[in-house]
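With our numbering, letter number 9 in the sequence shown gets 50, and the count goes up by one each step, no holes.
Working notes, beginning with the structure itself.
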Amino acid sequence: MSSAASDPVPVVSAPSASLQEDEVAFQVVQSRAAQRRARRLDSAALLVNPEVVGTVLLRPSAPGGSFRGLPRLTLAQALSGRPGVADIRVNHKRNIVAADATSRECLEQPLAVTVLQGIPVVAQEPADPQGGWGASG
Numbered sequence: 042m043s044s045a046a047s048d049p050v051p052v053v054s055a056p057s058a059s060l061q062e063d064e065v066a067f068q069v070v071q072s073r074a075a076q077r078r079a080r081r082l083d084s085a086a087l088l089v090n091p092e093v094v095g096t097v098l099l100r101p102s103a104p105g106g107s108f109r110g111l112p113r114l115t116l117a118q119a120l121s122g123r124p125g126v127a128d129i130r131v132n133h134k135r136n137i138v139a140a141d142a143t144s145r146e147c148l149e150q151p152l153a154v155t156v157l158q159g160i161p162v163v164a165q166e167p168a169d170p171q172g173g174w175g176a177s178g
């Protein structure tokens, strides 16, 4: 009796290897459309720069105005000299220039731009994608 008291016996045993494999193989059931959406979102995810606080979009304000005649580097060079501008993206197809800023103070400078390389522009922050649709009453 003294030998049984000296060797403690565990009350709860470790789960078997087959149980652990089943937990790893567990997947939530989804429709094919939901699986496609999830794959598309995973593959299209953009890298997020933690330094970026906000983005300013610049569009030509004059009717018929366009950035297409200017090289991307020329447009990027005009904005890159400003302090706090982390990244500049030019999309000639959509006729837009996007500038990412690292602080709220630095975000105000690109918002104040009215002319970019001789082209009158309107600067604004992008619309919130989770914002409402239509008029609210």
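Backbone N, C-alpha and C define an ideal beta-carbon position, used for all residues, glycine too.
Report yes if the CB atom of residue i is closer than 8 angstroms to the CB atom of residue j, and no otherwise.
i	j	result
VAL162	PRO101	yes
ALA140	VAL97	yes
PHE108	VAL154	no
VAL131	ALA142	no
GLN76	THR115	no
Is residue i buried or exposed, if buried means 16 or more other CB atoms sit within 10 Å of its CB?
i	result
VAL70	exposed
ARG80	exposed
PRO124	exposed
PRO112	exposed
PRO151	buried
LEU82	exposed
PRO167	exposed
SER177	Bear in mind that the predicted position of SER177 carries a pLDDT of just 47, short of 50, making it unreliable; the figure below should be weighed with that in mind. The residue in question, SER177, is exposed, as its Cβ has fewer than 16 Cβ neighbours within 10 Å.
Kindly indicate which residue of the options has the alpha-carbon position closest to the one of residue i.
i	options	result
LEU120	ARG73, LEU148, ALA168	LEU148
LYS134	GLY106, GLU92, GLY122, ARG145	GLY106
GLN165	LEU99, ILE129, ALA74	LEU99
PRO104	GLU146, ARG145, GLU92, ASN136	ASN136
ILE160	GLY110, SER84, ARG73, ALA74	GLY110
On the DSSP letters alone, give me the boundaries of the beta strand (DSSP E) that residue i sits inside.
i	result
GLN118	It is not in any beta strand (DSSP E) - GLN118 instead sits in the alpha helix (DSSP H) that spans 113 to 121.
PRO161	160 to 165
PRO151	Counting along the chain, PRO151 falls outside any beta strand (DSSP E), though it belongs to the alpha helix (DSSP H) covering 145 to 152.
ARG100	95 to 101
ALA168	Where ALA168 is concerned, there is no enclosing beta strand (DSSP E), given that its DSSP letter is neither H nor E.
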